[in-house]
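Everything on this sheet refers to the single structure shown next.
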Amino acid sequence: TVSINKAINTQEVAVKEKHARTCILGTHHEKGAQTFWSVVNRLPLSSNAVLCWKFCHVFHKLLRDGHPNVLKDSVRFKNELSDMSRMWGHLSEGYGQLCSIYLKLLRTKMEFHTKNPRFPGNLQMSDRQLDEAGENDVNNFFQLTVEMFDYLEWELNLFQTVFGSLDMSRSVSVTATGQCRLAPLIQTILDSSHLYDYTVKLLFKLHSCLPADTLQGHRDRFVEQFKKLKDLFYRSSNLQYFKRLIQIPQLPEHPPNFLRASALSEHISPVVVIPAEASSPDSEPILERDDLVEMDTTSQQFDNRFDDIFGSSFSNDPFNFNSQNGMNKDDRDRLIEQLYREISALKGELDNCKAESHCLAVQLKGRISELEAELAEQQHLRQQAADESEFLRAELDELKKRREDTEKAQRSLTEIERKAQANEQRYTKLKEKYSELVQNHADLLRKNAEVTKQVTVARQAQGDVEREKKELEHSFQRVSEQAQRKTQEQTEVLETLKRELAASKQELQTVKGTLETSAQSEAERGAQLAGLEAERASLVEAAGRREEETAALRAELQQLQVMLRAAVEEAEAVVQDALNRLEEPAHISCSGSADYLLSRTLAAAGCIERLQEACDRYLAHPEEVSGLVRSVALFAHLIGDTILQGSATCHTAPMEPADMLAELCKQCGGEALLYLASLKDAASIGSADCTAVRNCVSKITAIGEELRPRGLDIKQEELGDLVDKELAATSAAIEAATTRIEEMLSKSRAGDTGVKLEVNERILGSCTGLMQAIQILVVASKDLQREIVESGRGAASPKEFYARNSRWTEGLISASKAVGWGATVMVDAADLVVQGKGKFEELMVCSHEIAASTAQLVAASKVKADKDSTNLAKLQQASRGVNQATASVVASTKAAKSQIEETDTMDFSSMTLTQIKRQEMDSQVRVLELENQLQKERQKLGDLRRKHYELAGVAEGWDEAAD
Numbered sequence: 001t002v003s004i005n006k007a008i009n010t011q012e013v014a015v016k017e018k019h020a021r022t023c024i025l026g027t028h029h030e031k032g033a034q035t036f037w038s039v040v041n042r043l044p045l046s047s048n049a050v051l052c053w054k055f056c057h058v059f060h061k062l063l064r065d066g067h068p069n070v071l072k073d074s075v076r077f078k079n080e081l082s083d084m085s086r087m088w089g090h091l092s093e094g095y096g097q098l099c100s101i102y103l104k105l106l107r108t109k110m111e112f113h114t115k116n117p118r119f120p121g122n123l124q125m126s127d128r129q130l131d132e133a134g135e136n137d138v139n140n141f142f143q144l145t146v147e148m149f150d151y152l153e154w155e156l157n158l159f160q161t162v163f164g165s166l167d168m169s170r171s172v173s174v175t176a177t178g179q180c181r182l183a184p185l186i187q188t189i190l191d192s193s194h195l196y197d198y199t200v201k202l203l204f205k206l207h208s209c210l211p212a213d214t215l216q217g218h219r220d221r222f223v224e225q226f227k228k229l230k231d232l233f234y235r236s237s238n239l240q241y242f243k244r245l246i247q248i249p250q251l252p253e254h255p256p257n258f259l260r261a262s263a264l265s266e267h268i269s270p271v272v273v274i275p276a277e278a279s280s281p282d283s284e285p286i287l288e289r290d291d292l293v294e295m296d297t298t299s300q301q302f303d304n305r306f307d308d309i310f311g312s313s314f315s316n317d318p319f320n321f322n323s324q325n326g327m328n329k330d331d332r333d334r335l336i337e338q339l340y341r342e343i344s345a346l347k348g349e350l351d352n353c354k355a356e357s358h359c360l361a362v363q364l365k366g367r368i369s370e371l372e373a374e375l376a377e378q379q380h381l382r383q384q385a386a387d388e389s390e391f392l393r394a395e396l397d398e399l400k401k402r403r404e405d406t407e408k409a410q411r412s413l414t415e416i417e418r419k420a421q422a423n424e425q426r427y428t429k430l431k432e433k434y435s436e437l438v439q440n441h442a443d444l445l446r447k448n449a450e451v452t453k454q455v456t457v458a459r460q461a462q463g464d465v466e467r468e469k470k471e472l473e474h475s476f477q478r479v480s481e482q483a484q485r486k487t488q489e490q491t492e493v494l495e496t497l498k499r500e501l502a503a504s505k506q507e508l509q510t511v512k513g514t515l516e517t518s519a520q521s522e523a524e525r526g527a528q529l530a531g532l533e534a535e536r537a538s539l540v541e542a543a544g545r546r547e548e549e550t551a552a553l554r555a556e557l558q559q560l561q562v563m564l565r566a567a568v569e570e571a572e573a574v575v576q577d578a579l580n581r582l583e584e585p586a587h588i589s590c591s592g593s594a595d596y597l598l599s600r601t602l603a604a605a606g607c608i609e610r611l612q613e614a615c616d617r618y619l620a621h622p623e624e625v626s627g628l629v630r631s632v633a634l635f636a637h638l639i640g641d642t643i644l645q646g647s648a649t650c651h652t653a654p655m656e657p658a659d660m661l662a663e664l665c666k667q668c669g670g671e672a673l674l675y676l677a678s679l680k681d682a683a684s685i686g687s688a689d690c691t692a693v694r695n696c697v698s699k700i701t702a703i704g705e706e707l708r709p710r711g712l713d714i715k716q717e718e719l720g721d722l723v724d725k726e727l728a729a730t731s732a733a734i735e736a737a738t739t740r741i742e743e744m745l746s747k748s749r750a751g752d753t754g755v756k757l758e759v760n761e762r763i764l765g766s767c768t769g770l771m772q773a774i775q776i777l778v779v780a781s782k783d784l785q786r787e788i789v790e791s792g793r794g795a796a797s798p799k800e801f802y803a804r805n806s807r808w809t810e811g812l813i814s815a816s817k818a819v820g821w822g823a824t825v826m827v828d829a830a831d832l833v834v835q836g837k838g839k840f841e842e843l844m845v846c847s848h849e850i851a852a853s854t855a856q857l858v859a860a861s862k863v864k865a866d867k868d869s870t871n872l873a874k875l876q877q878a879s880r881g882v883n884q885a886t887a888s889v890v891a892s893t894k895a896a897k898s899q900i901e902e903t904d905t906m907d908f909s910s911m912t913l914t915q916i917k918r919q920e921m922d923s924q925v926r927v928l929e930l931e932n933q934l935q936k937e938r939q940k941l942g943d944l945r946r947k948h949y950e951l952a953g954v955a956e957g958w959d960e961a962a963d
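Letter 146 of the sequence shown, counting from 1, is numbered 146 in full-length UniProt numbering, and no numbers are missing.
Here it is in structure tokens:
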């Protein structure tokens, strides 16, 4: 139990072999893994990834080298291992993915041995046992090969995941953290070598029984795993950690050719060699039982050798001094005792020599181990120096690349400026052309008004002529009827006179008088008829003149229609030009805002309604063509502007709405051309319908509303009040910050002494100066704001001025908020620094943020201010004061930090050489980690700043304010 707890702990170091060996021996002693699982179930494996990783390592060792009943006792925990694997799989960093894959590998190993109980845990089998495992059945061999592929696949996944989690460009194998991750791979290498060997032999056996096409999938999967395993074995053999623990075999250059049966004889089984462990240099010379046995054996051998040389005490001893030399028994006994004493002394000396030699051997081994450790350390330092040189070389290459990128950016900027100048010149030409068109349009409008007036007068004259003509015709008819009636009466009178003349001659004189009177009346009637004929001739002449005037009016109407047609053709050219410019490279590089696009679509929608009304008036009164011509020209320019602005807005919009907007702009141009074509022909002008164009403009407006940046969610009428509130809130925040700083200073003076009091007074004093400078800046900003409103609103109220300039107002509000927020955060940071809980860097960052927010407030106020304004000069002077105060805060903070660090200097006098070297290595590792983190944080800071500028520029209307 103690060994299990020592082997499976939270320290990120490799599992010690003596603890793992004790766990393995314990399973053989109790013939199972009951104790192991009883201890493991009390460990928090689901809350500590390092603990779970080391559990997997120890459990893998038990499955390989422990008692066979370990597998039986562990099968019931298979579901818990699966749940734990899924849980750790949700973590993408650290040991999370490593633990997830290792647990899946252990589950696969348990399932493999459960299905194939003939395979031992360490997978060591002879060829005969491998044949018996398949029971000489090709189907069993086929299934067994698939299971081995699956088993080896998880082994390779663990290999790749461990290597992927390590920075292989560093000497990770000599660090404790690196060895913690690499240690389980020794078991993986042992399993993988056996699985590879058995897979090759089974595939040759299958190819001898089955067609080659049937085993194509097996061959493809084997080739894939062969390449991965060869690469992983090669990479593992180059690691310093594995070189002293295991000898990794190298696979052949090419995979075996299973289609050639003789290739089996060329296959060499990979053998993993684990060298014998050297004795630890820290161990002391301890006399083991084997040494005692060896000494007893040596003594016995020495006694036997003595008996052989000097004879034994038995009577049959060939060297019997009593019989040969005449010595008595007492002399012989004394000689034997003396010889025994000398032998004992010699044995003692021999034992001392052995002990001294053993001590010397242990010391020499310890010295060798120390020299090897120093050699490994020197190699590590050399590798580290090489890595540092490589890192510096990479940084140099990166700097060169950045320099090249900077030069490319400068060239690109020059090209952009050149294109901008070309666009500006083109814009100037277009503006001149537009002014000329506007002037021509005004001239045409004046001429149209005169022609309309003339047509009106002509129509009135034509009406008068027609009325006079009708009256003359009526008078002429009446005179003709009167003349005819008088002629009839004269005829009746003549017939009466004839009858009277024939009846009575007496009345001759009367008749003559009557005849003379009648003759005079007839002469008068003749003269009257001649006058009527002359009047009729004059009326006919007047009617001719009226017809000529009518023809002239018709000609003028035709000219007006020609002018309308020309205006429509010019409008078509404007719209077509806008469509053509969508594909120009100069326009593709342009960008627009959704707000300006909405203003163009709003104007275009209103122009479409006015154009429809002008068309209806023209159909009712053809002579009133001026309004239609004016509406057509304005319609063309607004539609063209909408198309161009919509396309420019696409360049800064997301992909999906940008594609929809671009398609709608082209569709709007096409519908506008169709509508204008219907206005050119007098026959089709009555059926002209602008509904399609109106729908396109409405859809463009809807997309523009979606693309419009969501700034401050404030009603326009509330902006004016909000500006005053934000400036007042900023002033209140500054005053509150000043009060807090004074309280902190008083508290520090009352409770602190020495260096700490000096540091706190310096920091809080500089913060107080910064708060005063910001207060002056806020007052100057209020004065300048009041001047801007009074000079720019005219007769409107301040609220109307803020509503009319809403984007600029929102930028001002955002800047004021940033200043107040920065002051509050800086006071909090200063409070933590004074208490000893904060960081000096936070205070310096807060100071820089306040300077940036101040610059934003000055820029927002400067947009609409007069450059010669006195208040603007005061605001700029206050901004410089804030910058100086910020620099003072930073300088005070740096000086305080240096003073604190000088008092906290580390004392290395009590440390040994090994401890100092260890601290040095840890410091170097920490330096590399901090440099890596610094590079990542700088990149993150750059991305955050770019995103902040982008969002602030869109949401706060900086572009609009600059325009």
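The beta carbon of each residue, even a glycine, is placed where N, CA and C say it ideally should be.
Report yes if the CB atom of residue i is closer than 8 Å to the CB atom of residue j, and no otherwise.
i, j, result
"residue 590", "residue 648", "yes"
"residue 1005", "residue 138", "There is no way to answer for residue 1005, as the model of the chain reaches only from 1 to 963."
"residue 14", "residue 183", "yes"
"residue 59", "residue 106", "yes"
"residue 113", "residue 200", "no"
"residue 885", "residue 853", "no"
"residue 669", "residue 597", "no"
"residue 122", "residue 64", "yes"
"residue 571", "residue 633", "yes"
"residue 225", "residue 158", "no"
Rounded to the nearest angstrom, what separates residue i and residue j at their Cα positions?
i, j, result
"residue 602", "residue 699", "12 Å"
"residue 145", "residue 403", "56 Å"
"residue 637", "residue 855", "40 Å"
"residue 22", "residue 155", "26 Å"
"residue 817", "residue 80", "54 Å"
"residue 51", "residue 34", "20 Å"
"residue 365", "residue 234", "31 Å"
"residue 303", "residue 353", "Reliability fails at residue 303, whose pLDDT of 46 lies under 50, so the model's placement of it is uncertain and no value is given."
"residue 261", "residue 248", "28 Å"
"residue 83", "residue 176", "29 Å"
Opposite residue i in the DSSP bridges: which residues?
i, result
"residue 273", "247"
Which two residues bound the contiguous alpha helix (DSSP H) that contains residue i?
i, result
"residue 683", "That residue, residue 683, is in no alpha helix (DSSP H); it is neither H nor E in DSSP."
"residue 859", "840-862"
"residue 86", "78-88"
"residue 50", "49-65"
"residue 214", "That residue, residue 214, is in no alpha helix (DSSP H); it is neither H nor E in DSSP."
"residue 698", "691-707"
Compute the minimum distance between the beta carbon of residue i and the heavy atoms of the ligand ZN, and state whether it is under 7 Å.
i, result
"residue 44", "Here there are no bound small molecules, and the ligand ZN is not part of this structure."
Comparing the C-beta of residue i with each C-beta of chain E, is any distance below 8 Å?
i, result
"residue 14", "No chain E is present in this structure, which holds just one protein chain."
Is the segment 19-30 close to the segment 195-205, with three or more CB pairs under 8 Å?
no
May I ask you to verify whether the segment 772-787 touches the segment 871-878, counting CB pairs closer than 8 Å and requiring at least 3?
yes
Does the segment 727-743 touch the segment 610-622, meaning 3 or more C-beta pairs lie closer than 8 Å?
no
With three or more C-beta pairs closer than 8 Å as the rule, is the segment 621-631 touching the segment 644-664?
no
If contact is defined by three or more beta carbon pairs under 8 Å, each pair taking one atom from either stretch, is the segment 2-11 in contact with the segment 33-45?
yes
Give a yes or no on contact between the segment 838-850 and the segment 743-750, applying the rule of three or more CB pairs nearer than 8 Å.
no
Any chance the segment 760-776 sits against the segment 817-832, with 3 or more Cβ pairs inside 8 Å?
yes
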